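In this note's numbering, the protein residues as written are 1465 to 2182.
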Ligand code: BGC
């Protein structure tokens, strides 16, 4: 069944509409020439949704969207109707899609390490957007996980620039192949929510280029997003959306980016941001005054620098719209194909679930007679993350618990429909009993657990845009609950639905742990697929799970309960050694390392061959399934020393599906930028000369093969 599903999803890729548009720059230039002075201002500032539009009169025909700019019918330019969606067409603030696929969190996607799954899910949500009449998805979140407490980690793709960049690029490509424009966001270093609107972020330029900026660079090269959304925070001085360095120098000059930069909502701070490279003031109602409407229009034709910029801003916006076919293929409101979206969501959730521990208890037998399911609202649905990315099917969430004083949807704890209890029951014989206890009282939870062959505790950690979590403990005393249930029944399995990493003080008391993240609309089914072995787990952690906050670069969360005027964050502590690279540098043993994940099969790696060629390294090796079940493995290749200097960097990975006993060869070609350092004086990537050590690993902390080769010194253009 699952194989069929994957084939259907693969067909999505080939059915893509992508045909390159001939010379979008020329077509855009012709349109810019025809614009009247008033039209030259229309595309440069976007409105918030009709319902919430407090500052300006609603425009006729304006959609309920996160943002929109009006159409210019005379020139055949359509409205830009923008909705959030890294995980699906967003649902909050009166913005309801026709119907929308709720994909698993982006971190779950990252745990698949699989470009095909990334493509299928994003193509499906882009088609949902079209069916709702929307032509822009505010997708492509790629900020690296520098802060495990960040409330938006679930919207991003983990801590490695290659993994995050490749997957973000693929999601963007998939969206735009459906003729829906995508962003990549939030550019850059938007790594925490605490004081995010004002937080001064500092980082050495070379470290930024080798980490977060590299993730953006890779995503942009692979996906060609029509737009880059700049971030709320400051970046080495100015706000990111007014940063000449980030927008003009790096993005537009070094990377030759032809599209447009839109601000995050409320992240424009001055009309002069236009000169620093910002092309669109988004959600203008969020700003204390509208900077890119009248004030910018007043400078058009009067100030040469602004006049040139305004032409360029329009050129960039139109060029992007033309390249993504928005002019000739407008979305048609219709009925989304729910089955298609759900198939993509289920495949992603199953492939992204990470089996963290298994002492011979999983997979469960379908002949089990008494299973106790405890906690985590498992009788209702599965957890999702809050904020602008919130998706729910049109029928609404299974449960939405407001967390704010106004009781609104913006930061509600939303449970996706699909109850794990039901999905578990459905795998068992009719006379099997699946009992549920909500976990409120330890004594009743323990009694239910004692009375069962197996207890499954569902533990949830809700996280949201707009807030970080104060620590890495499970909230609501769930650690106590797990320990109590495990004491009552040693056959206790823990299923985690979390936004990011959590601590597990009870780990040695339970025989099995699954990390299911926020698993989306088919999450319950996907969890049951893994528990009962209908799918062999293959997820690998895209982030390190620390053993304690003391291991992280910033045990204290900058800005937490601090005077905003004094708060600041320096990413120079870890520099470009984000995540596993930091643990490697410091010789720390985390709770679970980056790249870790178990399977019901087992794999062996052999015959590593490494050769250097020009400025790169090719590694190849074999993988054999030594287990008794078919399964997927994700062997990872790291460089561990460059030119004799130690330091770990992921340079590639394989996704191999193997029958028991089968062997295949995996080849990885390193992106030379991952072998290089950024040289500020030379303004080039510098590949150091000397010996390069390479390992093939089952996780960042588990090297299984090693070899080395040599490279000559080289300089590479940005
Ligand atoms: C978020 C963006 C989002 C925008 C529009 C902001 O609060 O940071 O990610 O795209 O809102 O909803």
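Built from N, CA and C at the ideal position, the CB exists for glycine as well.
The model shown is predicted, which means the values in this text are computed figures rather than measured ones.
Spatial neighbours of residue i in its chain, beta-carbon cut-off 7 Å, leaving aside the 5 residues before and after
i            : result
residue 1673 : 2142
residue 1711 : 1694, 1725, 1740, 1741 and 1742
residue 1675 : 1608, 1625, 2040 and 2042
residue 1772 : none
residue 1506 : 1533, 1534 and 1536
residue 2178 : 2079 and 2151
residue 1677 : 1652 and 1714
Unbroken beta strand (DSSP E) run spanning residue i, endpoints
i            : result
residue 1786 : Not the beta strand (DSSP E): residue 1786 falls in the alpha helix (DSSP H), residues 1768-1787.
residue 2071 : 2067-2077
residue 2128 : 2127-2133
residue 1979 : 1976-1979
residue 2163 : 2154-2163
residue 1754 : Here residue 1754 belongs to no beta strand (DSSP E), and DSSP marks it neither H nor E.
residue 1923 : 1918-1925
residue 2170 : 2166-2175
residue 1532 : 1531-1533
residue 1648 : 1645-1651
residue 2089 : 2080-2089
From the options, residue whose alpha carbon lies closest to that of residue i
i            : options                   : result
residue 2003 : 2111, 2096, 1689 and 1916 : 2096
residue 2131 : 2089, 1727, 2148 and 2071 : 2071
residue 2157 : 2134, 2179 and 1748       : 2134
residue 1565 : 1587, 1670, 2055 and 1792 : 1587
residue 2119 : 1627, 1487, 1512 and 1585 : 1627
residue 1489 : 1721, 1668, 1511 and 1669 : 1721
residue 1769 : 1737, 1650, 1938 and 1601 : 1737
residue 1882 : 1778, 1775, 1848 and 1650 : 1848
residue 1857 : 1801, 1896, 1885 and 1887 : 1801
residue 1528 : 1508, 1553, 1944 and 1504 : 1553
residue 2155 : 1846, 1949, 1925 and 2174 : 2174
residue 1733 : 1492, 1759, 1706 and 1677 : 1706
residue 1853 : 1544, 1731, 1605 and 2161 : 1605
residue 1919 : 1937, 1939 and 1947       : 1947
residue 1602 : 1845, 1704, 1689 and 2038 : 1689
residue 1698 : 1983, 2055, 1661 and 1713 : 1661
residue 1616 : 1757, 1639, 1643 and 1569 : 1569
Own chain, CB closer than 8 Å to residue i, minus 5 neighbours either side, in chain order
i            : result
residue 2024 : 1658, 1932 and 1934
residue 1420 : A question about residue 1420 goes unanswered here, because the residues of the chain that appear run from 1465 up to 2182.
residue 1573 : 1567, 1581, 1582, 1585, 1621, 1631, 1635, 1812 and 1816
residue 1895 : 1833
residue 2126 : 2088 and 2089
residue 2161 : 2059, 2099, 2100, 2101, 2102, 2167 and 2168
Cut-off 6 Å between Cβ atoms - residues of its own chain near residue i, not counting five sequence neighbours on either side
i            : result
residue 2170 : 2159
residue 1814 : 1990, 1993 and 1999
residue 1901 : 1838, 1908, 1909 and 1912
residue 2083 : 2074, 2101, 2132 and 2158
residue 2165 : 2057
residue 1976 : 1821, 1822, 1825, 1826 and 1957
residue 1746 : 1510, 1531, 1726, 1727 and 1729
residue 1484 : none
residue 2181 : none
residue 1864 : 1876 and 1878
residue 1708 : 1740
residue 2060 : 2005 and 2163
residue 1763 : 1770
residue 1916 : 1834, 1835 and 1836
residue 1600 : 1544, 1546 and 1645
residue 1828 : 1995 and 1996
Unbroken alpha helix (DSSP H) run spanning residue i, endpoints
i            : result
residue 1910 : 1906-1914
residue 2044 : 2044-2050
residue 1973 : Here residue 1973 belongs to no alpha helix (DSSP H), and DSSP marks it neither H nor E.
residue 1796 : That residue, residue 1796, is in no alpha helix (DSSP H); it is neither H nor E in DSSP.
residue 2205 : Any question about residue 2205 goes unanswered here, given that the chain covers just 1465 to 2182.
residue 1583 : 1579-1595
residue 1805 : 1802-1816
residue 1504 : 1503-1506
residue 1626 : 1625-1641
Could you name the residues whose beta carbon sits closer than 5 Å to any heavy atom belonging to the ligand BGC, keeping them in chain order? This selection yields 1530, 1548, 1602, 1728, 1729 and 1852.
At 4 residues or longer, and completely inside the region 1818-1899: list those alpha helix (DSSP H) runs for me, N to C. Runs of the alpha helix (DSSP H) inside the region 1818-1899: 1884-1889.
Completely contained alpha helix (DSSP H) runs for the region 1976-2027, where each covers 4 or more residues: Segments of the alpha helix (DSSP H) lying fully in the region 1976-2027: 1987-1995.
Any beta strand (DSSP E) of 3 or more consecutive residues that is wholly inside the region 1930-1966: DSSP runs (the beta strand (DSSP E)) wholly in the region 1930-1966: 1956-1962.
Contiguous alpha helix (DSSP H) assignments of at least 4 residues, all confined to the region 1672-1714: Annotation: the region 1672-1714 contains the following complete segments of the alpha helix (DSSP H) (minimum length 4 residues), in chain order: 1676-1687.
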